[in-house]
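Asker: Below is the structure I would like to discuss, written out as structure tokens.
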Amino acid sequence: MHIDIHALQTVPYSNLNRDALGSPKNCLYGGKLRTRVSSQSWKRAIRLKLEEQLGEPTIRTRRIAEAVRDELQQRGWDSETARKAGRAVLVSADGAAKRSSKKEGGIMPDGGTDQSKVLFWIPNGAINDLADLCERYREEIAATDLPPEEETEQQNNKKKSANSKPPKPDIVVPSEEVDSLLRKRSASINLLGRMLAEIPEHNVDGATQFAHAFTTHESTTDFDFFTAVDDRVGNGVQEESGSTETGTGHLATAEFTSGVFYRYSSVNVTDLASNLSGKSQPTPEDTDQALSVLDTYLRAFCNAMPSGKRRTTAASTPPELVYLTVRRNPLSLAGAFEKPVTAERDGGYAETSRVRLNTYTDRLYRFLGTDELLWHGHAGLNDSPLNALGERDESLHDLITNGINQAGDHA
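Just so we're aligned: the sequence shown equals residues 29 to 439 in this note's numbering.
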């Protein structure tokens, strides 16, 4: 069973998600250019909001060793031994990676850096657990050596030409125990999934599908020419020559766009319950737990915004229409906007987009049938009825509560 959430959201002048050149991301759909916000960008904002609401923060980082070092220093360890402990954790994780893949590789970086080659994603509490583990092996850790200071480029080139490799550090903290702690999960990890190619046993098949958001209409980028005034120059400070300089301290351009975005995500309730419980056949109690997490996720989906250019655009807008469905299989309604919406006579895409979604959904259900549709409902700003979108709730809160209850009844 799946819960699908569809949203239409008007976003004013902004740049929520930039490409490598600082431009708003885009895509070509229906032969027309649309503004796009990547699934990764919006999903991260939702994850942070979800974890805040659940009180289960996680950390995604290459700096596990530094995190363990800092925790141990707070416990009174000297800086050198604490750093050795952080590196010992990396060495042990590297050993687990190589054994699990049965080939050379792993996650331990070359040289003296304390950063891993890969991003780990773990609950915050796992850092404390790793520090506790290091406490048990403090003497063994203290006896290890730190890597030498970074060598010059000339020395590195000599080593490469001689095909010499630095000696592998000894494993002093059991790899099995480190590996077990790095495998820990949280609600957000179980919901969104985790991928670590170097240690496949750490992978979690997420219960969530998450689409890239795109504008329902053709969109363009606007270039904003801006200046930053040098207060001394701008105030007409007199130069030695006697002239008064006017002007600016900085000139540049930035790119922005705006539009009505179609957003979509689907959650497999059964998979989420299995991930949370660790059971292939979850119990009704496990499903209730999954629905509680899903309730928080749906609210975060509607409230979280990517942070791009937040302070210079303040583009903190809510969805203006949310459509929830409880289905046997997921179904995106992105096809409603393959032909881009055109502006109303007096301007605006929002109302036309809501009507388009309703019309398309009605036609799609008549074409496909509704055997897989168990329940649906919507809430939004529309004045006219959107009969194809099921029951109407006056508030977003009531819609999500109703949807979760309906999913529980059909579980």
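Beta carbons are placed, not taken as given, at the ideal position from N, Cα and C, and that holds for glycine.
1. Can you give the Cα-Cα distance for F242 and L210, rounded to whole angstroms?
2. Please list the terminal residues of the continuous beta strand (DSSP E) segment that includes R90.
3. Near Y292, what residues of its chain come up, given a Cβ to Cβ distance below 6 angstroms and the 5 sequence neighbours on each side ignored?
4. Who pairs with R355 in a beta bridge, going by DSSP?
5. A125 and I227 look like a contact to me (Cβ under 8 angstroms); what is the Cβ gap, rounded to whole Å?
6. Hey, quick one: how far does the beta strand (DSSP E) through S286 stretch, first residue to last?
7. On the DSSP bridge list, what partners appear for L56?
8. For the candidate residues V39, T38, P52, N45, whose alpha-carbon lies nearest to that of T249?
9. Contact defined as beta carbons within less than 8 angstroms: I believe G431 pairs with I92. What is the distance between those atoms, to the nearest angstrom?
10. Would the segment 41–52 count as touching the segment 303–312 if we require 3 or more Cβ pairs under 8 angstroms?
11. Is the segment 142–155 in contact with the segment 216–226, if contact means three or more CB pairs nearer than 8 angstroms?
12. Might you give, ordered along the chain, the residues of its own chain that have their beta carbon closer than 8 angstroms to the beta carbon of P312, omitting 5 neighbours on each side?
13. Below 7 angstroms between beta carbons: does that hold for A328 and L78?
14. What are the boundary residues of the beta strand (DSSP E) that A241 is part of?
15. Check Q434 in the structure and name its three-state DSSP category.
16. Out of A280, L352, M333, L417, state which residue places its alpha-carbon closest to the alpha-carbon of W70.
17. Alpha carbon to alpha carbon, what distance is there between I135 and V119?
18. Ordered along the chain, which non-local residues of its own chain (more than five positions away) have a Cβ less than 6 angstroms from that of V321?
19. Using the Cα positions of D258 and G277, report the straight-line distance between them to the nearest angstrom.
20. CA-CA distance, P40 and L56?
21. Grouping DSSP H, G and I as helix and E and B as strand, with all else coil, what is I150?
22. If we ignore side chains and look at the alpha-carbon of each, how far apart do I428 and D142 end up?
23. On the three-state DSSP scale, how would you describe A256?
24. Which same chain residues end up closer than 6 angstroms to F365 when comparing Cβ atoms and leaving out the 5 residues on each side of it in sequence?
25. Which whole-angstrom value describes the C-beta separation of T345 and Q101, a residue pair presumed to lie in contact below a C-beta threshold of 8 angstroms?
26. Can you give me the C-alpha to C-alpha distance between E84 and E379, rounded to a whole angstrom?
27. Of the residues E80, L61, R62, G58, which one's Cα is nearest the Cα of N331?
28. Quick check: what's the CA-CA separation for L300 versus D421?
29. According to DSSP, simplified to helix, strand and coil, what is Q143?
30. Below 8 angstroms on the Cβ atoms is my guess for S42 versus T398; work out the distance and round it to an integer in Å.
Answerer: Answer, in terms of the structure:
1. 35 angstroms
2. DSSP places R90 in no beta strand (DSSP E); its state is neither H nor E.
3. H34, A239, S360
4. Answer by DSSP bridge pairing, in chain order: H30, L401.
5. Correct: roughly 5 angstroms between the Cβ atoms.
6. Its beta strand (DSSP E) spans residues 278–296.
7. L61
8. P52
9. That pair is no contact at about 38 angstroms.
10. no
11. yes
12. A439
13. yes
14. 241–243 is the span of the beta strand (DSSP E), which, as asked, contains A241.
15. DSSP places Q434 in the helix class (H, G or I) of the three-state scheme.
16. M333
17. Their Cα atoms are separated by approximately 8 angstroms.
18. A215
19. 5 angstroms
20. 21 angstroms
21. Strand at I150.
22. 44 angstroms
23. Note: A256 maps to strand in three-state DSSP.
24. T244, Y290
25. Between Q101 and T345 the Cβ distance is about 43 angstroms, and since that is not below 8 angstroms, they are no contact.
26. 38 angstroms
27. E80
28. Whole-angstrom Cα-Cα distance: 26 angstroms.
29. coil
30. Their Cβ separation, rounded to whole angstroms, is 37 angstroms, which puts S42 and T398 out of contact at 8 angstroms.
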